[in-house]
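Going by our numbering, the letters in the sequence shown line up with residues 693 to 810, in that order.
The structure appears right after this line, and notes come after that.
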Amino acid sequence: MSKRKRYLFVCVNRRPDGTPKGSCAARGAEDLHAELKGMLKERGLANTEVRACTSSCLDTCWVGPVIAVEPDDYFYGRVTKADLPEILDAFAKDERVERLVLSPEDYVEPKELKKQGG
Ligand code: FES
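Dropping the structure here:
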């Protein structure tokens, strides 16, 4: 196996149901990761271009499911399976899907969640 151009870290952390901040797994991240892996394989990108890994909590739970894109150094958030073709098309062009890229504000936990104890 060769070093890939990109490594995607899909947070699959799960918290108990009812936790105010929720978790990526509760928002479908495990299925999302499986679908992503399958699509990379289908497109022939898995062994050379992009590896889809799982991750523990990336501390942006409120905008999950979250995917950290390295070494590009940005996060995708609120990702659904329907977004994956567009994300992979963008990688092929060395572009990113701007509407899914987290803004600096997205990294800040909303006050109402903090009050509820996260
Ligand atoms: S549970 Fe996924 S970022 Fe925290």
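We put the beta carbon where it would ideally sit given N, CA and C, even for glycine.
Everything numeric in this text was worked out from a predicted model, so none of it was measured.
Query                                                                                                                                                    : Result
Assign Pro-763 to one of two classes, buried (16 or more other C-beta atoms within 10 Å of its C-beta) or exposed (fewer than that).                     : exposed
Report the three-state DSSP secondary structure of Val-761 (helix, strand or coil).                                                                      : strand
Measure the beta-carbon distance from Leu-690 to Gly-769 and round it to whole angstroms, keeping in mind my assumption that it falls under 8 angstroms. : No information on residue 690 is available, as it lies outside the stretch 693 to 810 that the chain covers here.
In the DSSP output, which residue or residues are listed as bridge partners for Thr-746?                                                                 : Val-702
So for Val-793, helix, strand or coil by DSSP?                                                                                                           : strand
Report, in whole angstroms, the separation of the C-beta atoms of Arg-771 and Leu-724, which I expect to be a contact under 8 angstroms.                 : For the sequence presented, residue 771 should be read as Val rather than Arg. 6 angstroms between Cβ atoms; contact.
Please indicate yes or no: does the CB of Cys-749 lie closer than 8 angstroms to some heavy atom of ligand 1?                                            : yes
Are Lys-697 and Glu-734 close, meaning C-beta to C-beta below 9 angstroms?                                                                               : no
Taking only heavy atoms of ligand 1 into account, decide whether any of them is closer than 8 angstroms to the Cβ of Ser-715.                            : yes
Is Arg-707 near ligand 1, judged by its Cβ being under 8 angstroms from some heavy atom?                                                                 : yes
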